[in-house]
Amino acid sequence: PTLAVGLGGLALVVFFFGYRMFIDMPGNFWNLATAFCAATLVFLVACEHPLTARIFASSPLRFAGKISFSLYLFHLPVMFFTGRALMDVVSTPVLVVVSIALSFLVAWGTYHLIESPSRRFIVTLWKNRSRMTPTLAPEGIKQIGA
């Protein structure tokens, strides 16, 4: 990984998440060009240049990774309802910041209230599965290989 890879990865992150604010492009955001840009971004970050590794291993981004599933599930409904409630009250940049902040807050809450307890419950079930499965076959059932 060269310095160009590290700087390219960081520049692509900024471009990927910010270009729609500066360039008015018609059409859907999710298309083949977006998918290619996202795949290139993942590749450049996976090359692990020390610069990108240090930034993407920072506490705020690790936190975002920790709650990423909840964030993925709830960001659109939160942004939709926030937009409906505040569209006529605040400017678009303020609306974007409030929507992102509320999305993170809801994702953090659902991570701690739903996702984490559910994961612990499922892991406990998995670890205790040997105690729940019968070790002897019931009478009258021929065991495989016997």
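Here the sequence shown stands for residues 374 to 519, numbered as in the working numbering.
Yeah, the Cβ is synthetic: ideal placement off N, Cα and C, and Gly gets one too.
>> Our contact map puts L444 next to S464 with C-beta atoms below 8 Å; I'd like the distance itself, whole angstroms only.
In response: In fact, because the Cβ distance is near 24 Å, the residues do not count as touching under 8 Å.
> Nearest to N404 by alpha carbon, out of L417, V418, F389, F416?
Replying inline: Out of L417, V418, F389, F416, F389 has the C-alpha closest to the C-alpha of N404.
>> Starting from M452, trace the alpha helix (DSSP H) in both directions and tell me its first and last residue.
In response: 441-459
>> With H, G and I counted as helix, E and B as strand and the rest as coil, what does DSSP make of A430?
In response: coil
> Should T375 be labelled buried (16 or more other beta-carbon atoms within 10 Å of its own) or exposed?
Replying inline: exposed
> Since L459 and V471 are thought to touch, with beta carbons under 8 Å apart, how far apart are those beta carbons, to the nearest angstrom?
Replying inline: 7 Å
>> According to DSSP, simplified to helix, strand and coil, what is E421?
In response: coil
> Which residues bound the alpha helix (DSSP H) around V470?
Replying inline: 465-483
> So, helix, strand or coil for T413, using DSSP?
Replying inline: helix
>> Between the stretch 410-418 and the stretch 376-384, can you find at least three pairs of beta-carbon atoms closer than 8 Å?
In response: The answer is yes - the stretch 410-418 touches the stretch 376-384, with three or more Cβ pairs under 8 Å.
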